[in-house]
Amino acid sequence: MNILYYGTNNTIKKELLSTIGSTYQVKDIQSHDDIIDDSILFVDVSSIENSNWGSAWADFLPSPLKLLINNVRVIAITGNNTDSIALQLLNDDFFDYVRYPFNSPRLQASIINAQRTINNEIELKSLYTIGINLSSESNLDTLLRNILNAAMDLTNSDGGSIYLLTDDINPETDERMMQFEHSISDTLGEIYSKFKMPINDKSLAGFVVHTGKSLNIEDVYTIPENLPYGFNSSFDIKNGYRTKSMLVVPMINHKQKIIGALQLINRKKDREIKLDSLEKINTSVIDFDHKCELLIRSLGSQATISIETSGLYRELHMLFESFMTASVNAVESRDPSTAGHSRRVSKLSVAIANHINMSDSPAFQNIHFSIEDLLAIKYAGLLHDFGKIGINEKILLKAKKLFDEEIHIINSRLEIFQYTLYFEGNKTLNNIFDTVHEYRDAIMIANEPGKLTEKIIDILETEHKTFIKTLDEREEKIINDLEYNKLVNSRGSLSAEEYKIIQSHVEHSYNFLKLIQWPTGLEKVPDIARYHHEKLDGSGYPTGIKSDKIPFESQIMCIADIFDALIASDRPYKTKMTIEKAFDILDDEAKQGKINQNILDLFFEEKIYEIIMEQI
107 MNILYYGTNN TIKKELLSTI GSTYQVKDIQ SHDDIIDDSI LFVDVSSIEN
157 SNWGSAWADF LPSPLKLLIN NVRVIAITGN NTDSIALQLL NDDFFDYVRY
207 PFNSPRLQAS IINAQRTINN EIELKSLYTI GINLSSESNL DTLLRNILNA
257 AMDLTNSDGG SIYLLTDDIN PETDERMMQF EHSISDTLGE IYSKFKMPIN
307 DKSLAGFVVH TGKSLNIEDV YTIPENLPYG FNSSFDIKNG YRTKSMLVVP
357 MINHKQKIIG ALQLINRKKD REIKLDSLEK INTSVIDFDH KCELLIRSLG
407 SQATISIETS GLYRELHMLF ESFMTASVNA VESRDPSTAG HSRRVSKLSV
457 AIANHINMSD SPAFQNIHFS IEDLLAIKYA GLLHDFGKIG INEKILLKAK
507 KLFDEEIHII NSRLEIFQYT LYFEGNKTLN NIFDTVHEYR DAIMIANEPG
557 KLTEKIIDIL ETEHKTFIKT LDEREEKIIN DLEYNKLVNS RGSLSAEEYK
607 IIQSHVEHSY NFLKLIQWPT GLEKVPDIAR YHHEKLDGSG YPTGIKSDKI
657 PFESQIMCIA DIFDALIASD RPYKTKMTIE KAFDILDDEA KQGKINQNIL
707 DLFFEEKIYE IIMEQI
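Right under this line is the structure:
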């Protein structure tokens with residue numbers, strides 16, 4: 107405890123030091139900056155002769171009331187003026203007064219009372235700070251560790267454990283079960299395994315949870331045999347430890363429902379002591395007093411709120427994850443050929459981001475992804491194609507340049523063309539069959555995705571220019587303008603218009619994702635998904651933005667998306683590509699300034715792609 111002194115009478119100061127003894131160190135203060143929080147301040151007002159103590163009060167000293175903010179308790183040193191000033195001092199927020207010449211028992215009592223008040227204030231502040239810290243933690247394991255550390259700090263305990271109720275029932279006894287969730291020991295460290303045990307009066311924690319009563323035990327090895335509960339010494343035997351004093355309190359929520367128990371072991375004189383010998387246990391372990399019990403009950407109430415909040419957060423997270431899974435399944439059910447694509451892109455993207463966090467490359471020195479950032483990348487990867495749910499399935503699944511019904515119509519026209527040639531009589535039957543067969547073959551070849559030879563294009567042009575007369579006397583081309591443009595298109599199976607429709611899924615995804623009220627830290631999910639088809643040179647879609655305007659997370663996802671699309675198992679419109687070929691294509695894209703070369707190099711060098719190879 108810090109004891110401060112302000113005054114000008116050296117005799118009084120010396121006698122104060124002499125009366126207090128070596129138990130305390132006394133520090134002179136000369137300015138406001140010398141005042142230390144959580145201290146006792148003695149102020150000499152013995153020289154004044156009336157109740158106006160302010161005349162002896164230094165200008166630099168805040169009033170006693172203001173010093174309470176710093177948890178400083180002010181004790182006045184009075185002289186013969188005690189009777190006239192004492193009541194005024196107490197009314198003006200002095201903690202106490204002592205008369206000079208000093209009466210040693212009276213002085214010591216005043217110090218002890220002030221010290222007790224200051225410590226109570228420190229403990230209240232600690233509980234308040236602990237409550238704030240606990241309320242900000244959502245991870246259950248971290249939360250339980252923080253609860254135990256806080257409880258051990260407040261009581262100087264060597265160890266602690268937390269038990270939480272479960273929904274399980276013992277099938278043999280129909281007893282409710284609880285789980286040993288977390289344990290800490292200053293001496294032994296964190297050596298524990300989670301296990302379940304029945305809630306009954308046989309164990310200490312079970313008794314507390316079952317009855318709602320606290321247990322404060324001086325020595326667990328001397329528990330009377332007539333009590334229903336007893337101490338299980340197997341942990342001590344296994345680890346060469348000696349449990350002595352123990353405090354077990356129920357954790358009760360706002361509905362007065364017990365959700366678990368908080369157990370503290372071996373209260374010590376000093377938290378820093380390691381109980382690594384029987385001698386230290388005998389000399390350093392003390393009982394848990396009533397104050398400890400009240401503090402831990404209060405902490406347990408705060409902890410209960412945080413634990414239940416953590417559980418609610420966990421349930422909401424699971425609900426959100428299940429929503430993600432359902433959304434992905436909904437998209438993949440409409441396009442089974444791309445099943446697993448979104449999950450693989452998500453997995454690859456998160457893996458790349460994790461490797462960037464670990465990389466010592468100068469290219470990534472200013473880039474770091476937090477847990478929330480990684481979660482945002484994960485969700486954006488899972489939902490990046492969600493907009494495809496609004497795309498016509500015929501286009502999504504289109505394996506050929508023309509739909510089956512379009513081929514059927516063209517075949518009907520070829521039949522009419524065949525009869526026309528026959529009735530005109532200008533060609534032999536064999537020549538007619540050969541011509542129609544050549545036209546039909548050219549159409550079938552052109553209908554497959556890929557580039558066409560000049561010969562096929564010439565035949566298609568001839569068909570495009572050749573008219574027939576239908577049964578209702580209309581003139582039609584064997585291949586009309588729309589069909590011709592689709593067939594000569596060298597960009598896969600989709601026409602230019604259909605490709606635009608497919609591209610529109612990005613904006614559909616974005617508009618959908620914007621409707622979700624994303625939690626703090628996940629607000630970027632819509633943008634990450636929206637820009638994953640953008641290219642650094644501005645040739646991407648949907649907005650055509652360039653380089654640093656593209657979110658870095660989207661640049662990561664772009665590479666993951668292209669790679670998976672290239673090497674995925676056979677789709678209706680393409681065959682599976684080798685990894686080497688996929689590398690060549692991605693490398694060419696990087697050299698053209700379309701995708702991020704640094705990310706691609708990391709992707710190849712660290713062989714990040716291997717994490718999805720078994721899923722392809």
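Once you know that position 427 of the sequence shown is 533 in this note's numbering, the rest is easy, because the numbers rise by one and skip nothing.
For every residue, glycine included, the Cβ atom is placed at its ideal position computed from N, Cα and C.
Looking at the DSSP output, Lys494 bridges to nothing.
With a cut-off of 8 Å on Cβ pairs, the segment 482 to 489 is not in contact with the segment 592 to 601, counting fewer than three such pairs. Beta-bridge annotation (DSSP): Ser263 is paired with Arg373. A contact is defined here as three or more CB-CB pairs under 8 Å, and the segment 582 to 594 meets this definition with respect to the segment 501 to 511. Per the C-alpha coordinates, the member of Gly487, Pro468 and Val456 positioned closest to Phe475 is Val456.
The beta-carbon separation of Leu240 and Ser412, rounded to 4 Å, stays under the 8 Å limit for a contact.
For Val391, the closest C-alpha among the options Lys375, His514 and Gly406 is that of Lys375. For Arg348, the secondary structure class from DSSP, reduced to helix, strand or coil, is coil. Contact annotation: the segment 655 to 670 touches the segment 444 to 456, with at least three C-beta pairs closer than 8 Å.
Across the set Arg373, Leu353 and Ile183, the C-alpha of Leu353 shows the shortest separation from the C-alpha of Ala367. Closest option to Lys350, judged by alpha-carbon separation, among Leu333, Glu324 and Lys231: Glu324.
Comparing alpha carbon positions, the residue from Gly113, Tyr203 and Asn345 closest to Trp163 is Gly113.
Within its own chain, the residues whose Cβ lies closer than 8 Å to the Cβ of Leu123, once the five positions on either side in sequence are excluded, are Val132, listed in chain order. Here Leu195 is buried: its Cβ has 16 or more other Cβ atoms, across all protein chains shown, within 10 Å.
Ile268 and Ile402 have their C-alpha atoms roughly 12 Å apart.
Within the same chain, and ignoring the five residues on either side of Ile585 in sequence, the residues whose Cβ sits closer than 6 Å to its Cβ are Glu569 and His570.
Nearest to Ile718 by C-alpha distance, out of Asp466, Ala666, Val355 and Tyr528, is Ala666. Restricting attention to Ala469, Pro277, Ile516 and Asn245, the CA atom closest to the CA of Tyr419 is found in Asn245.
Within the segment 154 to 211, the runs of beta strand (DSSP E) that reach at least 3 residues and sit entirely inside it are, in chain order, 179 to 184 and 202 to 205.
DSSP, read as helix, strand or coil, puts Asn332 in coil. Under DSSP, the beta-bridge partners assigned to Arg282 are Ile275.
Where Pro632 is concerned, the enclosing alpha helix (DSSP H) starts and stops at Val631 to Arg636. Apart from sequence neighbours up to five positions away, the residues of its chain that approach Phe208 with a beta-carbon distance below 8 Å are Glu121, Leu122 and Thr125, ordered along the chain. Here Met303 really is in contact with Gly312; their C-beta atoms are around 7 Å apart, less than 8 Å.
Less than 9 Å divides the Cβ of Pro632 from the Cβ of Lys620. When rounded, the separation of the alpha-carbon atoms in Gly644 and Lys652 is 5 Å. Residue burial annotation: Asp690 is exposed, with fewer than 16 other C-beta atoms found within 10 angstroms of its C-beta.
Following the DSSP letters along the chain, one finds Asp134 inside the beta strand (DSSP E) bounded by residues Val132 to Asp134. With three or more CB-CB distances shorter than 8 Å, the segment 534 to 543 counts as touching the segment 510 to 526. Annotation: the continuous alpha helix (DSSP H) that includes Val315 extends over Leu310 to Thr317.
Partner residues in a beta bridge of Phe429, as assigned by DSSP, do not exist.
For Gly237, the secondary structure class from DSSP, reduced to helix, strand or coil, is helix.
Distance from the CA atom of Phe286 to the CA atom of Leu270, rounded to whole angstroms, is 7 Å.
Residue range Gln703 to Glu711 is occupied by the alpha helix (DSSP H) that includes Leu708. According to DSSP, Gly699 shares a beta bridge with no other residue. Under the three-state reduction of DSSP output, Leu527 falls in the helix class.
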